[in-house]
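Colleague: If you use the working numbering, the sequence shown corresponds to residues 33 to 88, in order.
Could you have a look at this structure, given as structure tokens, before my questions?
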Amino acid sequence: MVNIILAIAFIILGTVILIYYNGLKKEEKGGLTFKLIGAGIGFIIIGLGLIIRELL
């Protein structure tokens with residue numbers, strides 16, 4: 033049960049990071065491009081992995 037709650041939190045956090053990145057102006061992105069996109073996608077993948085681990 034705890035894994036599912038953490039998974040949902042990770043998926044929400046990853047989505048928020050990706051939305052925040054898309055909201056930045058092009059001049060402000062700079063070196064954050066790969067870091068923010070990678071972090072957002074990473075959190076979503078970790079969340080999905082936790083859900084799969086809990087269900088199987």
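We treat Cβ as the ideally placed atom computed from N, Cα and C, and that holds for glycine.
Between Lys57 and Leu45, what straight-line distance do the alpha-carbon atoms span, to the nearest angstrom?
Modeller: Near 20 Å, if we compare the C-alpha coordinates of Leu45 and Lys57.
Colleague: Am I right that Ile49 and Phe75 are in contact with their C-beta atoms under 8 Å? What's the rounded C-beta distance?
Modeller: About 7 Å separates the two Cβ atoms, so the contact holds.
Colleague: What does a CB cutoff of less than 6 Å around Gly72 pick up in its chain, not counting 5 residues either side in sequence?
Modeller: The answer, listed in chain order, is Gly46, Ile49 and Leu50.
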